[in-house]
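*Asks:*
2 protein chains.
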Amino acid sequence: MVKAILFDVFGTTVDWRSSIIAELNRFGDENGLNADWSMMADMWRAGFRELQGRIARGERAWITMDQIHREVLDGMLRDLGATDLSEESVAHLNRAWHRLRPWPDTVEGLTLMKRHHIVGTLSNGNLSLLVSLAKYGGLPWDCVLSTGMFGTYKPNPEVYLGAVRMLDAEPGDVMMVAAHAYDVDGACEAGLRTAYVFRPDEFGPGKGEDPGDTSRFDIVTSSFTELAERLAE
Amino acid sequence: MVKAILFDVFGTTVDWRSSIIAELNRFGDENGLNADWSMMADMWRAGFRELQGRIARGERAWITMDQIHREVLDGMLRDLGATDLSEESVAHLNRAWHRLRPWPDTVEGLTLMKRHHIVGTLSNGNLSLLVSLAKYGGLPWDCVLSTGMFGTYKPNPEVYLGAVRMLDAEPGDVMMVAAHAYDVDGACEAGLRTAYVFRPDEFGPGKGEDPGDTSRFDIVTSSFTELAERLAE
Chain P
44 MVKAILFDVF
54 GTTVDWRSSI
64 IAELNRFGDE
74 NGLNADWSMM
84 ADMWRAGFRE
94 LQGRIARGER
104 AWITMDQIHR
114 EVLDGMLRDL
124 GATDLSEESV
134 AHLNRAWHRL
144 RPWPDTVEGL
154 TLMKRHHIVG
164 TLSNGNLSLL
174 VSLAKYGGLP
184 WDCVLSTGMF
194 GTYKPNPEVY
204 LGAVRMLDAE
214 PGDVMMVAAH
224 AYDVDGACEA
234 GLRTAYVFRP
244 DEFGPGKGED
254 PGDTSRFDIV
264 TSSFTELAER
274 LAE
Chain V
44 MVKAILFDVF
54 GTTVDWRSSI
64 IAELNRFGDE
74 NGLNADWSMM
84 ADMWRAGFRE
94 LQGRIARGER
104 AWITMDQIHR
114 EVLDGMLRDL
124 GATDLSEESV
134 AHLNRAWHRL
144 RPWPDTVEGL
154 TLMKRHHIVG
164 TLSNGNLSLL
174 VSLAKYGGLP
184 WDCVLSTGMF
194 GTYKPNPEVY
204 LGAVRMLDAE
214 PGDVMMVAAH
224 AYDVDGACEA
234 GLRTAYVFRP
244 DEFGPGKGED
254 PGDTSRFDIV
264 TSSFTELAER
274 LAE
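The listed protein sequences correspond, in order, to chains P and V.
Residue numbering for the first sequence follows the working numbering, beginning at 44 and increasing consecutively.
Residue numbering for the second sequence follows the working numbering, beginning at 44 and increasing consecutively.
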């Protein structure tokens, strides 16, 4: 019996890419800037992943996801030659990551799972960012856990084991759900149960992650509603 | 403008006493035990407060609220001569603190405040206990913060400032709400805004805390719905 289900957020629970492209397009229009905004969205995310990895490996001091996004964004804007923007305008754009649409199955699936399980986040996002996303998208979390509470980033095992401890559970009582193999594998190595969710459009239409052989995951699914059904079996 | 409102839980948000008395009565009936269960409920709470205070002063290593409740309960049962109880039965009774009724105004008030503010706990309860209470009572928290995340108990200023940091806020953006002056005073000293809620029946009919002069609090109220109205003014 799974007591608690922890979800990755960016890519797994919310569709960051289409939301960020829309915000970048609006930003470009408002500031008279031209760029390939889809590519910029991907660069922004890739830049985040790169810097986050350096922090996880101890090569940089820990900063929040909001701070990483801002550092990457400032670099991108410099490269575009856009140096005369107001702080308010750039800060608002950086907060685009607080306004991401859930995938269509997310809210219904979480609501179903919440009936019989604790549903929470376990995300690299800072707490205030995760709370903003929950309010924006109506995500009915029972608790919002951030890797920042443990001072490191996924897939450091301390993140998964720390969340299990906070829930007064055993690793085998908790399931980690993500659309990214590195995250699900990290949880698996820490002894948690695992569900891999295919999000085939995360990186653009038809561009999802290829996790390779999925037989190592306890559940493999393509939506939160299907996951709810599988857990109710 | 208050960005986030943090609530004490035991006594402020939920009515622990009537719920605990009812569970103790049931426990007594099931196990053929006689006692003044109202007094036992008060002793249980007082024993918790005493042990929590020793931990907050560094005289004991940190343990969770669930663990404190169990230690106090075991002592009370020994004093009653009730030594042949099943572990299952005692563990279930200890989890009575996971099944506490909200005060009648709690859910409506939180739902109103949630529209314009982040509403969260800041409680000495461990996270899993707070999540249980939220599911049991339908408490619509945006986030569940526990002093356990900071390894100490209220009114240590690190608790209030740690919560403010997690919310990426300034102390003046966050309001602490409690029915206990020591807690509201602790928040005030850390620079937070404050609301004192009278709960005149917390320790029995007509037995609420006397906070003394209340002019030091930003808001003084007797219900969460009234607090919501005051914040909306």
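Note that CB positions come from ideal geometry on N, CA and C, so glycine has one too.
Note that this is a predicted model, so its numbers are computed, not measured.
Given this structure, state the Cα-to-Cα distance separating R208 (chain V) from G191 (chain P), to the nearest angstrom.
*Replies:* If you take the alpha carbons of R208 (chain V) and G191 (chain P), they lie about 11 Å apart.
*Asks:* If contact means a Cβ-Cβ distance below 7 Å, which residues of the stretch 145-179 of chain P contact chain V?
*Replies:* Listed by position along the chain: I161, N169, L170, S171, V174, A177 and K178.
*Asks:* Quick one: Cα of E232 (chain V) to Cα of P198 (chain V), how far?
*Replies:* Straight-line Cα distance between these residues: approximately 10 Å.
*Asks:* Would you tell me roughly how many angstroms separate the C-alpha atoms of V33 (chain V) and D185 (chain P), rounded to the nearest one?
*Replies:* Nothing about residue 33 (chain V) can be reported from this structure: the residues present for chain V run from 44 to 276 only.
*Asks:* According to DSSP, simplified to helix, strand and coil, what is T149 (chain V)?
*Replies:* If DSSP states are grouped into helix, strand and coil, T149 (chain V) belongs with the helices.
*Asks:* Suppose the cutoff is 8 Å on Cβ atoms and the five residues either side in sequence are ignored; what does the same chain contact list for M156 (chain P) look like?
*Replies:* Within the same chain, M156 (chain P) has close Cβ partners I48, V162, F267, L270, A271 and L274.
*Asks:* State the Cα-Cα distance for the pair R144 (chain P) and Y179 (chain P), rounded to the nearest angstrom.
*Replies:* Roughly 8 Å between the two C-alpha positions.
*Asks:* Does any residue of chain V have a CB that is nearer than 8 Å to the CB of C186 (chain P)?
*Replies:* Interface residue, yes.
*Asks:* Assuming I98 (chain P) is part of the alpha helix (DSSP H), what are its boundary residues?
*Replies:* W80 to A99 is the extent of the alpha helix (DSSP H) around I98 (chain P).
*Asks:* Could you check the C-alpha separation between F53 (chain P) and L173 (chain V) for me, to the nearest Å?
*Replies:* Near 26 Å, if we compare the C-alpha coordinates of L173 (chain V) and F53 (chain P).
*Asks:* Which residues of chain P have a Cβ atom closer than 7 Å to the Cβ of D216 (chain V), listed in chain order?
*Replies:* Correct list: empty, because the minimum Cβ distance to chain P is about 11 Å.
*Asks:* Taking the beta carbon of G96 (chain V) as the centre, do at least 16 other beta carbons fall within 10 Å, making it buried, or is it exposed?
*Replies:* Per the 10 Å Cβ criterion, exposed.
*Asks:* Taking the alpha carbon of W59 (chain P) as the point to measure from, which residue in P:G101, P:V220, P:P254 and P:E245 has its own alpha carbon closest?
*Replies:* For W59 (chain P), the nearest C-alpha among the options comes from P:E245.
*Asks:* State the DSSP-derived secondary structure class of I63 (chain P), mapped to helix, strand or coil.
*Replies:* Helix at I63 (chain P).
*Asks:* Could you work out which residue in V:D85, V:T107 and V:A89 is closest to F193 (chain V) when comparing CA atoms only?
*Replies:* Out of V:D85, V:T107 and V:A89, V:T107 has the C-alpha closest to the C-alpha of F193 (chain V).
*Asks:* For M209 (chain P) and chain V, any beta-carbon pair shorter than 8 Å?
*Replies:* Yes, because at least one Cβ of chain V sits closer than 8 Å to the Cβ of M209 (chain P).
*Asks:* Does the Cβ of R88 (chain P) have 16 or more other Cβ atoms within 10 Å, making it buried, or fewer, making it exposed?
*Replies:* It is buried - the Cβ of R88 (chain P) has at least 16 other Cβ atoms within 10 Å.
*Asks:* Among the candidates P:L204, P:A230, P:T149 and P:D122, whose CA atom is the shortest distance from the CA of N77 (chain P)?
*Replies:* Among P:L204, P:A230, P:T149 and P:D122, the Cα nearest to that of N77 (chain P) is on P:D122.
*Asks:* Going by Cα to Cα distance, which pick from P:R113, P:H141, P:T164 and P:Q110 is closest to M218 (chain P)?
*Replies:* Nearest C-alpha to M218 (chain P): P:T164.
*Asks:* Closer than 9 Å, Cβ to any Cβ of chain P: which residues of the stretch 100-114 of chain V, in chain order?
*Replies:* From the stretch 100-114 of chain V, only T107 and D109 have a Cβ closer than 9 Å to chain P.
*Asks:* Near K46 (chain V), which residues of its chain fall below 6 Å by C-beta distance, leaving aside the five closest residues on each side in sequence?
*Replies:* Around K46 (chain V): A212 and D216.
*Asks:* From V:D72, V:S189, V:Q110 and V:I262, pick the residue whose C-alpha is nearest to that of G90 (chain V); which is it?
*Replies:* G90 (chain V) has its Cα closest to that of V:Q110, out of V:D72, V:S189, V:Q110 and V:I262.
*Asks:* Against M192 (chain P), what residues of chain V qualify as contacts under a CB-to-CB distance less than 9 Å, listed in chain order?
*Replies:* Result: M192 and M209.
*Asks:* Within the same chain, show all residues whose beta-carbon is closer than 6 Å to that of L204 (chain P), passing over the 5 residues directly before and after it, in chain order.
*Replies:* Once the five neighbours on either side are set aside, the close Cβ partners of L204 (chain P) are A233.
*Asks:* Looking at the unbroken alpha helix (DSSP H) that takes in Y196 (chain P), where does it start and where does it end?
*Replies:* Y196 (chain P) -> no alpha helix (DSSP H), and no H or E assigned at all.
*Asks:* How would you write the range of the alpha helix (DSSP H) that R281 (chain V) sits in, first residue to last?
*Replies:* Within the shown structure, residues of chain V are numbered from 44 to 276, placing residue 281 (chain V) beyond reach of any answer.
*Asks:* Any idea which residues DSSP pairs A47 (chain P) with across the strands?
*Replies:* A47 (chain P) pairs with P:I161 and P:V217.
*Asks:* May I have a chain-ordered list of the alpha helix (DSSP H) segments no shorter than 4 residues that lie completely inside the stretch 106-146 of chain V?
*Replies:* Fully enclosed alpha helix (DSSP H) runs of 4 or longer: 108-122 and 130-137.
*Asks:* Report all residues from its chain with a CB closer than 7 Å to the CB of G71 (chain V); omit the five preceding and five following residues, and keep chain order.
*Replies:* Taken in chain order, the residues that qualify are N77, A78 and W80.
*Asks:* Using C-beta distances below 7 Å, list every residue in its chain close to F67 (chain V), excluding the 5 sequence neighbours before and after it, in chain order.
*Replies:* One detail in the question is off: residue 67 (chain V) reads as Leu in this sequence, not Phe. The answer, listed in chain order, is W80, M83 and A84.
*Asks:* Counting Cβ pairs closer than 8 Å, one from the stretch 243-259 of chain P and one from the stretch 128-143 of chain P, do we hit at least three?
*Replies:* These segments do not touch.
*Asks:* V240 (chain P) and T55 (chain P) look like a contact to me (Cβ under 8 Å); what is the Cβ gap, rounded to whole Å?
*Replies:* So it is a contact: roughly 6 Å between Cβ atoms.
*Asks:* Does DSSP put V227 (chain V) in a helix, a strand or coil?
*Replies:* Helix.
*Asks:* Would you kindly work out how many angstroms separate the C-alpha atoms of G181 (chain P) and A206 (chain V), rounded to a whole number?
*Replies:* Going from the Cα of G181 (chain P) to the Cα of A206 (chain V) covers about 23 Å.
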